[in-house]
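Presented below is the structure to which this report refers.
There are 4 protein chains.
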Amino acid sequence: MRAIVIEADWAPRAKTELTPDELERRSALDGTQVWRHPRWSLGQRPDPAIAAEDHIIVRSRAVGICGSDVHMYETDADGYVLLPYKMRMPLVPGHEVAGEVVETGPAVRSLRPGDPVAVETLEYCDRCAACRRGLFNQCANAHDRGFDLDGGMAEYLLTTERHARPLAGVRERFDEQATYEIGALCEPASVAFVGMFVQAGGFLPGSTVTVFGCGPIGLASIALARCAGAARVIAFDPQPVRCQLARDLGADIAYDTGELETAGTTPASRLLEDTRGAGADLVIDASNAGQLVRAQIESALAVGAKVLYLGVTPGSVPMRTMAYQARAASAFGMLGHLGGFDPVIALHAAGRLDLSPIVTARWPLAEAACAIRLAGDRANTKIQLVPDDRVPRVTPNAIWEAAP
Amino acid sequence: MRAIVIEADWAPRAKTELTPDELERRSALDGTQVWRHPRWSLGQRPDPAIAAEDHIIVRSRAVGICGSDVHMYETDADGYVLLPYKMRMPLVPGHEVAGEVVETGPAVRSLRPGDPVAVETLEYCDRCAACRRGLFNQCANAHDRGFDLDGGMAEYLLTTERHARPLAGVRERFDEQATYEIGALCEPASVAFVGMFVQAGGFLPGSTVTVFGCGPIGLASIALARCAGAARVIAFDPQPVRCQLARDLGADIAYDTGELETAGTTPASRLLEDTRGAGADLVIDASNAGQLVRAQIESALAVGAKVLYLGVTPGSVPMRTMAYQARAASAFGMLGHLGGFDPVIALHAAGRLDLSPIVTARWPLAEAACAIRLAGDRANTKIQLVPDDRVPRVTPNAIWEAAP
Amino acid sequence: MRAIVIEADWAPRAKTELTPDELERRSALDGTQVWRHPRWSLGQRPDPAIAAEDHIIVRSRAVGICGSDVHMYETDADGYVLLPYKMRMPLVPGHEVAGEVVETGPAVRSLRPGDPVAVETLEYCDRCAACRRGLFNQCANAHDRGFDLDGGMAEYLLTTERHARPLAGVRERFDEQATYEIGALCEPASVAFVGMFVQAGGFLPGSTVTVFGCGPIGLASIALARCAGAARVIAFDPQPVRCQLARDLGADIAYDTGELETAGTTPASRLLEDTRGAGADLVIDASNAGQLVRAQIESALAVGAKVLYLGVTPGSVPMRTMAYQARAASAFGMLGHLGGFDPVIALHAAGRLDLSPIVTARWPLAEAACAIRLAGDRANTKIQLVPDDRVPRVTPNAIWEAAP
Amino acid sequence: MRAIVIEADWAPRAKTELTPDELERRSALDGTQVWRHPRWSLGQRPDPAIAAEDHIIVRSRAVGICGSDVHMYETDADGYVLLPYKMRMPLVPGHEVAGEVVETGPAVRSLRPGDPVAVETLEYCDRCAACRRGLFNQCANAHDRGFDLDGGMAEYLLTTERHARPLAGVRERFDEQATYEIGALCEPASVAFVGMFVQAGGFLPGSTVTVFGCGPIGLASIALARCAGAARVIAFDPQPVRCQLARDLGADIAYDTGELETAGTTPASRLLEDTRGAGADLVIDASNAGQLVRAQIESALAVGAKVLYLGVTPGSVPMRTMAYQARAASAFGMLGHLGGFDPVIALHAAGRLDLSPIVTARWPLAEAACAIRLAGDRANTKIQLVPDDRVPRVTPNAIWEAAP
């Protein structure tokens, strides 16, 4: 089958200590320490084959490009990839995948060929302490399709019945292409869902929810907050295009942080003003710039506020603990999508949620190398890859078309 | 001022033991044991006067008639009232009240004459173990306007700044009359809110929420469930008119239980069918007929289901505990409105919620005695009393007009 | 190997409808509907063999006899077994098992031959909606060793690495025999642990915890409540011997309910007196007689009380819902042990908990048929079976010796 | 009456903006901005008098000196006090107080002269948004005895029935002096209790709890963790004397961080080793040195760990958010004691907890100025002031005596 394949040189940095398992499998726990000079290309890979009773083969129909993918393409001054996460090479990337079931193992009962599914890409061990507590996202031995197992940027993808979540309900309400696009958005949307409702325990209806950073996860957070009864959703982003998308997804107010700065004010000031001094009840940091937004968050916490860290800010960020103490606030860290697919799908099937505006461009799989370069510009919100024989729908976002 | 006044005979039943305090204050903890031959009439009461720094006088603009009020009107075979709750006589009833501030004590800062407010009627002691834990609704020494303190079925009502919740935000979005009607709905809506989101801890967005009994509290539960991200809201009621209201308030499906019976099926069967066997995640028993609905609930519990008891079912109801055990289900009891007014108001002010369709009739205060009789028929959902000089709006519910 | 084997006649009752799977596998979901004339005997079964990478073979060293086992021995008037749970015949019973690892599959890393382990007997599917949420105890497709898979009343038992929980830490603090006995108590203790701390969410240190029914699960609840900071643990049981055991396990007060009755008082009265009217914060119904204890519980609920249903009361029990509503109380149902083994073991290893007094008799495996008859008398608290070549320790409970 | 009185000069710093209320009442929200050259002395104040129905006059019997008190004594280079909290002058300090009721207002029913009580010093408004949610510690309008209201370092103290918590139960188990000492420890112990069990939601029995900083709040955290079922309590402090106290209060291991440094290891390494790589489930930062301990905490988080910030670290501390995200960890800020007194007292009355070893020195009230200087050395853990006519008990801590 045709597939996007990343190759790179195995070149462990001088000081890096690798485990025997990393050495044997050439699968690093932190890609930035070993993988150099990555090359993306359209290549050939063997067709996947059913090898276990509960296996399923899925034809990829929509695959999102994530910031993590970009970090497997971009390099530092020494030529090393930027992604500080598990990576095995050569690799078929793609961990935001939806497609059509084409073949099922003998024990599979809930799915049949032709069924549209979204694919959970985290393969947990079901054996470690975290798995035994049901905290699969924190599995100590997990593998992750698109990182250290082949992912979805290919014609076909192997997964299991357990990880293939049916999109039939979504299909009843959306057209075929939108169904797959929503399916491929389940992964980033689930990061938001699990963080907000499972890890942070949600919020009382009537609350003020604030989102910093309007990339796909931030936008999904906005839509979910609106859907779950926030009285007010306030968003912040430095890009006007993303602010407009935030409004489209349900933000009552979306502030262009550049404009705020020009106007000599701050996000915290606006938040306090908009809430008559009460502050925000739930704040989601979905930016990758914690060093810029945390002080703002800390200055506008409501009593009993929750802060959720979803963005990826490398290194350390200054935290004014006393701000949390004085307001009896709490903070929640989360990474992972398991636990979010089913409710995100149910909300779409019920017509309560529509995340499809998050997708702002569609490219054929064969041109993934171009698309990844474009994604690197961060101007698009979410680019998805579609099969080469599918003419991409014209992007419907007027605001996007109008963007420079 | 003019006021509705209930008088009754103090006639403790033979076996009833009263506390010294009950005897001294002639204020029974259980009205059914002492108050006989109640008489409702339009009478005169002294105008309330500011007597403490934080006092507020409110001109009643909308006062709901509740089932509890009916139980202070209706009697058993021996002539005793039906309400098994605290009652002092003579009494101005009315505990679902909104109105206009007309005078404020010297320490009041957040309110001014002319401000529209909804009134929390439970006056807690701030001293007992429950109050010290913030569980004001369970105060051991509470007094309750409309029950053992004069309530809102009068021209004016005395309360405190703390208990008068501002409706200014609602007024920005609704007209004057609707603002007061929504204000007077805050009490029953808060019973639903506090039960669902505080006591039962809410539900995950994407859940199936089921409501048995579509009176005002049930209808508010439906609207709140929809507002807070339920993927599916399924309601049951024996009255077709209420089923239609359930749909208007946001139920995806509302089953007429009489029709189900005729069709030879049961609520539990329908629930299991509608959820493909999964069952309901949150079930609210807002009926006053637990003996009829509980077995249905127990047969359609989802794994991890929550059941919330909000209706008033006297005596005992059979419970099949094993049903809860097998599904790891939990059950929550709740009574009380404190904690719900602010979010219910915020949701209306934000345009996320509109409970006004719950009000199906408006009567002038002077005709309260007629209205209470009508309310006794249980055909109307919520009758509100309005000042005599306000011509009631024509009831807008077509479905109601069409009812026999 | 030698094993206790139950055989019975497959004789579906007239009205019983069985699924194709039940018919094909002769494995009933409700044993009372099909299995008649059960016979327990000491027989031979093939030695278990490693068949999967993560398999483990365990030599049984202590196996508890549970009420469920007795219900597979006792019959109703028509000769049908009493256990309304999944049952396959012929069956090696035994679901409270600890033993010594004798062989491990090639992928097993955390265990070696000789290691003492306690065995989790519930085998979940890891695929259904409940499993995907981590609620393994509610797995829709679970099999259960000792019920529809062969259990531990045999020389050897097959399980997996994931289900074999290491007892090495316990062994550092207890002697060999006690280690295995504690291991075999993990199952009933975990039912208490998961119910109290996972499902019901625990209690605040300083609370009053009350336990009705002092069988093994009730006794474990008492010890766990004491261990987790209850200021007062109050127990009720009709048997004086069990009341004494309750005190040994940590109850501050243990009331003989027969004595209370003779004295003309009730558990509720005592509870209210002992708590100066405040009532109990957490109440655990570990009796199998809900119809007797629930009214007592409902009359002595603290504000915000939690009630946990752990006992097995067949049919329906009257519930006075209004008692829960007036006190903002909640109730939790639970069945299942997964999630409790690790903390129960850790608490023993740390010297914080010692459940070993729960075991009141030890019998050789070969005499299981006698032991099961004795267990049917319910006079012993927990009888455990040990290998025939191990001379049982003399039962150390003086109080037990003294019992009639 | 005799009282310790602090006087200081009202000298607002140049850039400080004060509210009209601060100016009028000469009561600063941040003492460091206005109060200069503080003088502590033994002076005279009018005897307090009952002025409201629920007032109570308490004779001080034990008053703890807290770090906050020291910060009202010590000054910066410009002579300003160090306490960044509300302060009014002249002031009787003392917010950790227990004593004997000497007079009660006419509405007081639960207390009588002679009763021993501990005094909650935070006076909340019962009116703001936080109070209406029961979050009294975050009251927007609170006054605080010992800070902006006269506190307990005097012969007598005025409070209300609601704030005076009865110690009768403690007195049944401890001698008179110990009863008052424990009473005066309720405040710091409640900061630990409310943080751990209310704000952070507690921990599962069997967990590993780690405490950084073994001052009074840290020591109380250790004892409470032990009492609530931690399988392992691990403490860190730079002072050997405090490490020994940590062991006395229940720590399984207490590491002297200076020794660790000398040995070339770190707290994080020890924690990971002691937990076989699992990390700590609940970590309490009760140090005032977040900049030193946070990186250690972040390197040893268990999956699902909770971190509780109780210490007072000024300014900002680097936080590696990704550590929280990767482990699904959460963090909780808390300040305040309301909600903790009753359970702390109940645990002492039940014999489950004994915090009295925290008190390491007792000084007569008249010598408070000396005592405060000694407290400034931070060598003692908790110094309490006792009435001048009570000969202080000889300090029983051998380890303390032995300290240089």
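First to last, the protein sequences are chains A, B, C and D. The opening residue of the first sequence carries number 5 in this note's numbering; numbering runs sequentially from there. The opening residue of the second sequence carries number 5 in this note's numbering; numbering runs sequentially from there. The opening residue of the third sequence carries number 5 in this note's numbering; numbering runs sequentially from there. The opening residue of the fourth sequence carries number 5 in this note's numbering; numbering runs sequentially from there. A virtual CB, placed ideally from N, CA and C, is assigned to each residue, including glycine. Small disclaimer: the values here were computed from a predicted structure and weren't measured.
By the neighbour-count definition (other C-beta atoms within 10 Å, threshold 16), His59(D) is a buried residue. With 16 or more other CB atoms across the displayed protein chains lying within 10 angstroms of its CB, Arg136(C) is buried.
Annotated three-state conformation of Tyr184(C) is helix, per DSSP. With the criterion set as a beta carbon lying under 9 Å from some beta carbon of chain D, the members of the segment 217-241 of chain C are Leu228, Arg230, Cys231, Ala232, Gly233, Ala234, Ala235 and Arg236, in sequence order. Contact check for His75(D) against Gly150(D) fails: the beta carbons are separated by 8 Å or more. Taken through DSSP and simplified to helix, strand or coil, Leu228(C) comes out as helix. One alpha carbon belongs to Glu107(C), the other to Arg116(C), and they sit about 7 Å apart. Here the alpha carbon of Gly281(A) sits roughly 26 Å from the alpha carbon of Tyr184(B). Within the segment 21-72 of chain D, the runs of alpha helix (DSSP H) at least 4 residues long that lie entirely inside it are, in chain order, 24-29. Shown here, Asp358(D) sits in coil according to DSSP, grouped into three states, outside any helix or strand. Lys19(B) sits exposed, since fewer than 16 C-beta atoms from the chains shown fall within 10 Å of its C-beta. With a contact defined as Cβ atoms closer than 8 Å, Val96(D) and Ala193(D) miss out at about 23 Å. The Cβ of Gly138(B) sits closer than 8 Å to at least one Cβ of chain D. By the 16-neighbour rule on beta-carbons within 10 angstroms, Ala56(C) is exposed. For Ser320(C), the secondary structure class from DSSP, reduced to helix, strand or coil, is coil. Scanning chain A for C-beta atoms nearer than 9 Å to the C-beta of Pro347(B) yields Leu208, Pro209, Gly210, Ser211, Gly233 and Ala235, reported in chain order. Chain order gives the chain C residues near Phe336(B) as Ser334, where near means a beta carbon separation below 7 Å. Here Thr364(B) carries a strand assignment [DSSP, helix/strand/coil]. An exposed status is given to Glu176(C), since fewer than 16 other beta-carbon atoms sit within 10 Å of its beta-carbon.
In the structure shown, Gln142(D) falls within a helical segment according to DSSP collapsed to helix, strand and coil. The continuous stretches of beta strand (DSSP E) do not include Phe201(C), and DSSP gives it neither H nor E. Closest option to Ala306(B), judged by alpha-carbon separation, among Ala53(B), Asn384(B), Asn141(B) and Ala327(B): Ala327(B). Between Arg63(A) and Gly103(A) a beta carbon distance of about 5 Å is seen, short of the 8 Å cut, so the two are scored as contacting. Considering only Pro318(D), Val311(D), Pro244(D) and Asp25(D), the residue with the shortest C-alpha distance to Gly337(D) is Val311(D).
Contact note: Gly380(D) does not reach chain B at a C-beta cutoff of 9 Å; the least C-beta distance is about 35 Å.
Neighbours of Gly343(A) in chain C, taken as residues whose beta carbon is under 9 Å from its own, are Arg136, Arg137 and Gly138 in chain order.
Straight through space, the alpha carbons of Tyr259(B) and Leu296(B) are spaced by roughly 15 Å. Contacts between Ser320(D) and chain A, judged by CB atoms closer than 7 Å, involve Pro322, Met323 and Arg324 in chain order.
With respect to chain C, the C-beta atom of Asp25(A) has no partner C-beta closer than 8 Å. According to DSSP, residue pairing for Val287(B) in a beta bridge involves Thr214(B) and Val311(B). For Ser273(D), the enclosing alpha helix (DSSP H) begins and ends at Pro271 to Asp278.
Between Leu249(A) and Thr385(A), the gap from beta carbon to beta carbon is short of 8 Å.
Among the residues of the segment 79-106 of chain A, none has a Cβ less than 8 Å away from any Cβ of chain B.
Contact check between the segment 141-161 of chain D and the segment 79-92 of chain D: three or more CB pairs, one atom from each, fall below 8 Å, which counts as touching. Near chain A, meaning a CB-to-CB distance below 9 Å, no residue of the segment 152-170 of chain D qualifies. Listed along the chain, the chain A residues whose CB falls inside 8 Å of the CB of Arg131(C) are Asp58, Glu165 and Arg166.
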